[in-house]
Every structure is written in C-alpha cells, then in structure tokens.
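Taking it in order: structure first as structure tokens, then the write-up.
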C-alpha cells in the first residue's frame, strides 16, 4: 500500500478563512484587538483535514515574497486587491500553529506555494512508494492531477475530490491541459492575459477538439472567422500565458517526504498560543490530539510476547457477532499499540486470554470461539460504563467521544460505499484499545466512589461468562412444546380480542393507540385524566 502525503495550499486556506467572515464585517479579534478570523478558520480546517486524512506525511506551503513569474512579467497578479493588513498580521501565527501542530510548513525563495506543491506532486509521481492529495480551492492546481495525485477542491461547505476520471468527466480534457486552458482564456485573478475575447467555453471546445495549444495553432487554418483572427493576433500572449500558468515541478531543494512526516503536537506551546488568541473551543482538543499523535503502533505478523498489562479491542465486520468475521484487533500496553490482523491473532491466541481491560467481553468470547480462541479480561469497560449510567452503545466511539477522544464511528469502518483506507481503520482500532487502557483506572475509581464495585465483581462480571456460554452452546428446546404454547397464546388472544370487540360494538386495530383512544374516550366515553384533548392509552393511565 502506498504512503499518502497531504499537500495543503496555506495561502489559499488563510485567504478563504479571512474573507469567509470579512465580507460580512465579522472580523474576529481577541480581547487585545488582534485579528483572529483567518487563523480560526485555518485551525479549524487543519483539524478537519488531519482528522479525516490521518496523514503520515503532511505539509503546508506558503508564498514567500517575489517569485520568478514577476521577473518574467512585472504585471503578474497586479489585478489583485492588496492583502489587508489584518490578514498580513495573521500569517506568522499560521506558520507557528503549523509547527506546533506537528505539520511542516514550507516557503521557498522565488517560488509560489503552487510550485512547492507541484514539486512534491512530481516526487510522488516519480516514486512508486507514495501518492499525494492536494487540498485547495485553486483550480490552477488541477493541472497536477495524475495516477498518483488527486485534488480535494474546496467549496463553500465541502469539497469535490478530483482525480483523472472526475476531471475528465467535468472538462473532457486531460488535467495537464489546464495549462493550455489558461493560456487561451487567461486568468484575471493572476493578470494572465491569454487570448483576448476567448472565454472558458470557447477555450474548452478548442482543446476538446485539438487537445493542446500547439495543436490549436498547428491547425489554425481549420478555424474560421473572428476566432481565428483572435488566435493569430494574440499568439504570443497565448504562449506567454502558457509559461506563466505552468506550475514549476522541479524546485531544487533538500526537502523529501521524510521532511514532512506528521509529528507529535507541542501541547504546551499550542495551549499557550490558543490562550493568547482566545481560541477556547480548540483548547479541549489539544490533549486529545496529543494522545492520538503519540499512539505509536506496530503491525504484528509473527509470534510476540508482551510483558506489561494491556488492553485489547477486537473489531468485527458485522454487528451480529455470532456470525461476524474479525477485521483486526489491537493491544495497548501503556507504551504503544500492537495491531493484529486475523492471521496474526491466530498466531498469538494466548495473548487474548488474560487481558487487563476490554470492551464487551461477551461479544469477544462468542466471536473468538469459532476460531478456538479463549479470551478473558479483568475488566469490561462497557459493563462498567453501563453501571455508571453512561449512554452505552455497541460502538465504543460514542463513549470515547463523551470523554473528548474522537474516534471514527463503527459505521465508517464497515461502510462499503465509502470505505476508510486500511491505515485509517487500523488507527481507529488502535485508538480504541488505547482509550480503554487510558480510562481503565478512572472507571474503577468511579465504580468505587458510587459503591458499585461489588455489584460489578460479584454479579455483572461473573454473569458475562454465563451468558456467553449460553449463547455459544444454545438451549435445547422441544419445538412441539413451543408450537403448542404458540397455539394456546393465539387462542387466548382471539378470545380476549372478541371480548373487546363486543364491548366496543365494532372491530378495530387494538394495537393502534389512536384507534383504541377513539373507542375508549369518544365512543365509550371514558373520563380523560389529562384534560379534554387527551386520548392517552398509556398503561399507567388505563390501570
């Protein structure tokens, strides 16, 4: 499986975040009057990206002053409005935030952010071990799409994932031809001239027919009328625009994919900066991010021995654990996670027999039984949380989110239409095992405080083995007896129903609260205990 790098257009992200609120006059500032609106959106997007992508490699690219295109064309980007001072002030903070979040930011003399991204995109294309996802709303970057590179094109509230197929479905040209498109139609935002009088629709029709700018001019005699005249008159501008629109993909710098490995966050530094900016809503996520980023793991493919006490979490491919298959399991031992696929589980059966803590031990016992694996655990967090009145579900993620640890929900792990990547699934399972280990003592202490520990140890925990054994073994029943009971109940229901119909003077759906209410209150005139409009058929009202 290839390693994925996330390449983020930092300038684009900051400008989008600034103008998202600046247009409405909503310029966020802290109590000292420092503008923070761009930074708030920027941090929000970085958090969203790292959560969704779970990257191993990630980089944010920024422009750095004057670049080589301005040497070629002094009017390059002259049409743009001057960057507001309130936005300029936020750039240094954005770069500091990247570093504190463990994300490498890169700016390079004489080149734009697009060129830095383009160089990494080319590195991914050249190296079979990597692929890349670019994140920006700038369509210029679509020219970088290849077998190994896609673009998440940001929209107002979401994004469009553009790869070679979706790009062709949209434009009916190849991604690299975005350069030719801008050469013909120009780009007012960058002050790229293009061919005067040719817009996107005409430029696309030319490229759909002739494929490239060169072929357009090689076949100029096939083109008629004013369009031909425009192309001839502005040929020099077209080729000059082609040069300006081309993203440079071979910057001679020392950065490699190892340079942009996603690192642990700086908890103290980030906390201090968020307090300065008064980003209180982000502060609570800092510790969670620290825990998750420090969750080192090893993929197990041989027999191993783990000396320390450990938690275990087993993920299944179906909610029906009696028939489900195992996706994988994770063990966490206070230092790192160990991930086991089914083959590794079968090699290490003994590791599941004496664990410190797990979630839904009964499910684990039943699911592992078909593989002839015994499992036991000192503590079942699901039962402990149930006794403490937490809103317990089969999916541990609901409980972890209550504690501020965001873990992808089970539905996203088994979603076949929009599946998570294998690495994301492994990370989610590892996070669950780590959460169980980290909260084990907290649950024990709460049970003791609430004087529920004896209920857990004397009744609930021993009952797990009894119930799982019943589910595995089943219960022998005589189907003839069941059928006889079924018939007896059916006859009783018919008799009672007949009596009810006689009292009502008509047949109706007894199971319908609405119809029953009409019979009782409107036809039989029973007194209404909750006011004139009440037709309640609740048990406590009728008895």
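Residue numbers (our numbering): 1235 to 1777. Think of the CB as a built atom: it goes at the ideal place given N, C-alpha and C, for glycine as much as any other residue.
Euclidean distance between Cα positions of residue 1542 and residue 1671: Here residue 1542 corresponds to residue number 308 of the chain shown, with the count starting at 1. Here residue 1671 corresponds to residue number 437 of the chain shown, with the count starting at 1. Between residue 1542 and residue 1671, the C-alpha separation is close to 12 Å.
Residue 1778 vs residue 1637 beta-carbon contact at 8 Å: With the chain running from 1235 to 1777 in the structure shown, residue 1778 is simply not present.
8 Å Cβ cutoff met for residue 1531 and residue 1570: Reading the chain shown from its first residue, position 297 is the one you call residue 1531. Reading the chain shown from its first residue, position 336 is the one you call residue 1570. Result yes, Cβ atoms of residue 1531 and residue 1570 sit closer than 8 Å.
Of the listed residues 1725, 1514 and 1692, nearest to residue 1274 (C-alpha basis): To locate residue 1274, count along the chain shown from 1; it is residue 40. Selected option, being the one with the closest Cα: 1514.
Residue 1484 versus residue 1342: straight-line alpha-carbon distance, rounded: Along the chain shown, one-based indexing puts residue 1484 at 250. Along the chain shown, one-based indexing puts residue 1342 at 108. Distance between the alpha carbons of residue 1484 and residue 1342: 13 Å.
Start and end residues, alpha helix (DSSP H) containing residue 1303: Along the chain shown, read from residue 1 onward, the residue named residue 1303 stands at position 69. For residue 1303, the enclosing alpha helix (DSSP H) stretches over residues 1302-1306.
Bridge partners - residue 1243, DSSP secondary structure assignment: Counting from 1 along the chain shown, the entry for residue 1243 is found at position 9. Beta-bridge pairing links residue 1243 to 1295.
Cβ-Cβ distance between residue 1345 and residue 1296 below 8 Å: The count along the chain shown starts at 1 and reaches residue 1345 at position 111. The count along the chain shown starts at 1 and reaches residue 1296 at position 62. Taking 8 Å as the Cβ cut-off, residue 1345 and residue 1296 do not qualify as a contacting pair.
Start-to-end residues for the alpha helix (DSSP H) that takes in residue 1722: If you number the chain shown from 1, residue 1722 lands on position 488. Boundaries of the alpha helix (DSSP H) around residue 1722: 1713-1738.
Simplified DSSP assignment, three categories, for residue 1643: Residue numbering aside, residue 1643 sits at position 409 when the chain shown is read from its first letter. Correct three-state label for residue 1643: coil.
Range of the contiguous beta strand (DSSP E) that encloses residue 1364: As a working mapping, residue 1364 is identified with position 130 in the chain shown. Taken as a continuous stretch (DSSP letters only), the beta strand (DSSP E) holding residue 1364 covers 1364-1370.
Expected contact under 8 Å - CB spacing of residue 1401 and residue 1376 to nearest Å: As a first step, residue 1401 must be located in the chain shown, where it is residue number 167. As a first step, residue 1376 must be located in the chain shown, where it is residue number 142. Confirmed, about 6 Å.
Meets three-Cβ-pair contact criterion under 8 Å: the segment 1602-1617 and the segment 1713-1731: Counting Cβ pairs under 8 Å, fewer than three are found: no touch.
Whole-number beta carbon distance between residue 1479 and residue 1416, since they are thought to touch under 8 Å: Within the chain shown, the letter at position 182 stands for residue 1416. Within the chain shown, the letter at position 245 stands for residue 1479. Taking 8 Å as the upper bound for CB-CB distance, residue 1416 and residue 1479 are in contact here, some 4 Å apart.
Span of the beta strand (DSSP E), counted from its first residue to its last, around residue 1563: As a working mapping, residue 1563 is identified with position 329 in the chain shown. Going by DSSP, residue 1563 is part of the beta strand (DSSP E) stretching over 1560-1566.
Contact belief for residue 1780 with residue 1647 at Cβ below 8 Å, rounded distance in angstroms: What the structure shows of the chain is the stretch from 1235 to 1777, and residue 1780 is not part of that stretch, so it cannot be assessed.
Terminal residues of the beta strand (DSSP E) in which residue 1384 lies: Looking up residue 1384 in the chain shown gives position 150. Counting along the chain, residue 1384 sits inside the beta strand (DSSP E) bounded by residues 1383-1388.
Cutoff 7 Å; reference residue 1431; Cβ partners in own chain excluding five residues on either side: For the purposes of this step, residue 1431 is taken as residue 197 along the chain shown, with counting starting at 1. Here the set comprises 1464.
Coarse secondary structure for residue 1495, derived from DSSP in three states: Stepping through the chain shown from its first residue, residue 1495 is reached at position 261. Correct three-state label for residue 1495: strand.
Three-state class that DSSP yields for residue 1592 in the structure shown: Translated into positions along the chain shown, residue 1592 becomes position 358. Note: residue 1592 maps to strand in three-state DSSP.
Helix, strand or coil at residue 1359 according to DSSP, with G and I counted as helix: For this step, residue 1359 is matched to residue 125 along the chain shown. Residue 1359: helix per DSSP, three-state reduction.
For residue 1338, the first and last residue of its enclosing beta strand (DSSP E): Position 104 of the chain shown, counted from the start, is the residue given in the question as residue 1338. Taken as a continuous stretch (DSSP letters only), the beta strand (DSSP E) holding residue 1338 covers 1338-1340.
Straight-line gap, residue 1246 to residue 1437 (C-alpha atoms, nearest Å): Numbered from its first residue, the chain shown carries residue 1246 at position 12. Numbered from its first residue, the chain shown carries residue 1437 at position 203. Straight-line Cα distance between these residues: approximately 26 Å.
Residue interval of the beta strand (DSSP E) (run including residue 1694): Within the chain shown, the letter at position 460 stands for residue 1694. Where residue 1694 is concerned, there is no enclosing beta strand (DSSP E), given that its DSSP letter is neither H nor E.
Per DSSP, cross-strand counterpart(s) of residue 1548: Counted from its first residue, the chain shown places residue 1548 at position 314. Per DSSP, 1563.
Span separating the alpha-carbon of residue 1705 from that of residue 1723: Translated into the one-based positions of the chain shown, residue 1705 becomes position 471. Translated into the one-based positions of the chain shown, residue 1723 becomes position 489. Distance between the alpha carbons of residue 1705 and residue 1723 is about 26 Å.
N-terminal and C-terminal residue of the beta strand (DSSP E) that residue 1396 is part of: Within the chain shown, the letter at position 162 stands for residue 1396. First-last of the beta strand (DSSP E) with residue 1396: 1393-1396.
Where the alpha helix (DSSP H) through residue 1429 begins and ends: Position 195 of the chain shown, counting from 1, holds the residue named residue 1429. Unbroken run through residue 1429: none, as it is neither H nor E.
Nearest neighbour of residue 1254, chosen from 1278, 1265, 1264 and 1238 [CA to CA]: Numbered from 1 along the chain shown, position 20 holds the residue referred to as residue 1254. Here the closest residue by C-alpha is 1278.
Residue 1294 classed as buried or exposed, judged by whether at least 16 other C-beta atoms fall within 10 angstroms: Position 60 of the chain shown holds residue 1294. By the 10 Å Cβ count, residue 1294 comes out buried.
Distance between beta carbons of residue 1243 and residue 1358, contact taken as under 8 Å: Looking up residue 1358 in the chain shown gives position 124. Looking up residue 1243 in the chain shown gives position 9. About 16 Å separates the two Cβ atoms, so there is no contact after all.
Chain-order list of residues whose beta-carbon lies under 8 Å from that of residue 1364 (same chain, five-residue window excluded): Start at 1 with the first residue of the chain shown, and residue 1364 comes out as number 130. So the list reads 1236, 1237, 1238, 1239, 1291, 1357, 1358, 1382 and 1491, once near-sequence residues are dropped.
Whole-angstrom distance between residue 1280 and residue 1702, CA atom to CA atom: Stepping through the chain shown from its first residue, residue 1702 is reached at position 468. Stepping through the chain shown from its first residue, residue 1280 is reached at position 46. A direct Cα-Cα distance of roughly 44 Å separates residue 1702 from residue 1280.
Residue range of the unbroken alpha helix (DSSP H) whose run includes residue 1414: Looking up residue 1414 in the chain shown gives position 180. Annotation: the continuous alpha helix (DSSP H) that includes residue 1414 extends over 1412-1419.
Neighbourhood of residue 1396 by C-beta distance below 7 Å, restricted to the same chain and skipping five residues each side: For the purposes of this step, residue 1396 is taken as the residue at position 162 of the chain shown. For residue 1396, where only same-chain residues beyond five positions count, the Cβ hits under 7 Å are 1376, 1379, 1384, 1385 and 1387.
Pair within 8 Å by beta-carbon distance, residue 1592 and residue 1584: On the chain shown, residue 1592 is found 358 positions in, with the first residue counted as 1. On the chain shown, residue 1584 is found 350 positions in, with the first residue counted as 1. Result no, Cβ atoms of residue 1592 and residue 1584 do not sit closer than 8 Å.
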